[in-house]
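Just so we're aligned: the sequence shown equals residues 148 to 337 in the working numbering.
Beta carbons are placed, not taken as given, at the ideal position from N, Cα and C, and that holds for glycine.
This structure is a prediction, so every number in the text was calculated from the model and none was measured.
This report concerns only the one structure given below.
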Amino acid sequence: MIELRGDQVVLRTIERAHCHELWEAYEPTEPLPTEPLNPGLSVEGADEWFGEIQAKQGKEQVYLGVFTLEARLVGDIQLAHIDWRHRTASIGLGIARRADRRCGLGTDATRTLLRYAFHHLDLYRVYAATVAYNAGAQRVLEKCGFVQEGREREAVYVSGKRWDRLCYGLLRPEFEEKRPAPGIEQPVDP
Numbered sequence: 148m149i150e151l152r153g154d155q156v157v158l159r160t161i162e163r164a165h166c167h168e169l170w171e172a173y174e175p176t177e178p179l180p181t182e183p184l185n186p187g188l189s190v191e192g193a194d195e196w197f198g199e200i201q202a203k204q205g206k207e208q209v210y211l212g213v214f215t216l217e218a219r220l221v222g223d224i225q226l227a228h229i230d231w232r233h234r235t236a237s238i239g240l241g242i243a244r245r246a247d248r249r250c251g252l253g254t255d256a257t258r259t260l261l262r263y264a265f266h267h268l269d270l271y272r273v274y275a276a277t278v279a280y281n282a283g284a285q286r287v288l289e290k291c292g293f294v295q296e297g298r299e300r301e302a303v304y305v306s307g308k309r310w311d312r313l314c315y316g317l318l319r320p321e322f323e324e325k326r327p328a329p330g331i332e333q334p335v336d337p
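Here it is in structure tokens:
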């Protein structure tokens, strides 16, 4: 069982009950959702989601729950599309309730998983994509050191409008420059 500690969150293995809890708790962002909405899907969808997670876990993804230090489940985070040969993966994050957003939990969860990706899985590059209207995701990525590498113009269709998809990337040396590996001292300028 994986358990990774950040400053504000603990990332740990997600269980079936956690999928149910997140499935029921998800509150779409306003005015436009950042996740696909699935109106009318039963709770059985949470079981399917759990099955998908388990089928890929450890092979092509690392999928974890985001918990507060008090053990309250607030979201999920994953490294997906892991390419073991090229040492790359994508990262994705979801915070279920609006009240838990914009308070640093997502940034801390992302930094914690990046530390694991670069220092334990020996990945070299992590990438992410978000829709241009998702300012929250852009803030988290930029705080964690990601660089915008591209823009896919009008690649996403949401609520009757086309939006750009923003593509971000982060290399291990860039991450270590901002936040060194545990036990590695940062040089001090005299």
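- Burial is judged here by how many other beta carbons sit within 10 angstroms of a residue's own beta carbon; valine 209 has at least 16 and is buried.
- Cα atoms of alanine 302 and tyrosine 280: separation of roughly 13 angstroms, rounded to the nearest angstrom.
- Distance between glutamate 191 and isoleucine 200, taken at the CA atoms: about 14 angstroms.
- In the displayed model, tyrosine 271 falls within coil according to three-state DSSP, outside both helix and strand.
- When DSSP states are grouped into helix, strand and coil, cysteine 314 belongs to the strand group.
- In the displayed model, aspartate 154 falls within coil according to three-state DSSP, outside both helix and strand.
- The shortest C-alpha to C-alpha distance from glutamine 225 to any of Lys206, Ala164, Gly283, Gln155 is the one to Lys206.
- If one requires a minimum length of 3 residues, the beta strand (DSSP E) runs lying completely within the segment 198 to 231 are 209 to 215, 220 to 230, in chain order.
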